[in-house]
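Below is one structure, written out as structure tokens, with a few remarks after it.
In my numbering, the protein residues as written are 850 to 967.
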């Protein structure tokens with residue numbers, strides 16, 4: 850598997866629960882991590898906010914459902930000047946990929962194998 854150079858991406862989206870737990874210590878059932886060199890966000894639904902605050906003190910916690918999460922990510926990507934995002938292509942569901950592709954404006958998704966998808 851090809852390794853991606855850090856300079857090839859501006860940030861990462863992590864959606865696989867095992868990886869979310871590994872990186873953030875958050876054990877809730879759903880969440881999304883967005884990592885950038887300046888900031889780390891853990892996006893969770895309302896019922897997981899307090900748990901996320903306690904388990905993931907090094908992350909900024911964002912309360913959002915899936916649709917709101919994409920809107921939030923769009924804003925953050927624009928503010929931080931993010932144009933390329935690494936993601937876990939072997940975990941993401943086809944509808945999640947399509948949703949990311951269709952809703953993240955001017956952001957190129959880079960799968961972990963390094964082959965650009967969009």
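Positions of the beta carbon are idealized from the N, C-alpha and C atoms, including for glycine.
Problem - Candidates 934, 862, 870 and 858, of which the one nearest residue 901 by Cα - result: 870
Handout entry: Contacts around residue 908, its chain only, beta-carbon distance under 7 Å, and the 5 residues preceding and following it disregarded
Key = 873, 889, 890 and 891
Exercise for the section: From the DSSP output, in three-state form, read off residue 920 for me. Expected result: When secondary structure is reduced to three states using DSSP, residue 920 falls in the helix class.
Exercise for the section: Output yes or no for whether 7 Å exceeds the beta carbon distance between residue 938 and residue 960. Expected result: Yes.
Problem - Host beta strand (DSSP E) of residue 861 (start-end) - result: 860 to 863
Exercise for the section: Give a yes or no on contact between the segment 875 to 882 and the segment 941 to 958, applying the rule of three or more CB pairs nearer than 8 Å. Expected result: no
Exercise for the section: Compare the C-alpha of residue 931 against each of 863, 865 and 884 and name the closest. Expected result: Ranking the options by Cα distance to residue 931, first place goes to 884.
Exercise for the section: Could I get the ranges of all uninterrupted alpha helix (DSSP H) runs contained in the segment 923 to 960, with 4 residues as the minimum, in chain order? Expected result: 943 to 952
Exercise for the section: Please state whether DSSP places residue 915 in a helix, a strand or coil. Expected result: Of the three classes helix, strand and coil, the one that applies to residue 915 here is helix, per DSSP.
Exercise for the section: With a threshold of 6 Å, establish whether the CB of residue 871 neighbours any heavy atom of the ligand MG. Expected result: Although the ligand MG was asked about, the structure shown includes no ligands whatsoever.
Practice task
Give every residue of the same chain whose Cβ lies closer than 8 Å to the Cβ of residue 905, excluding the five residues on either side of it in the sequence, and list them in chain order.
Solution key: 873, 874, 875 and 891
Problem - Buried or exposed by the 16-neighbour rule on C-beta atoms within 10 Å, applied to residue 852 - result: For residue 852, the predicted model reports a pLDDT of 41, less than 50, meaning its position is unreliable; a value from the coordinates is still stated below. Residue 852 comes out exposed.
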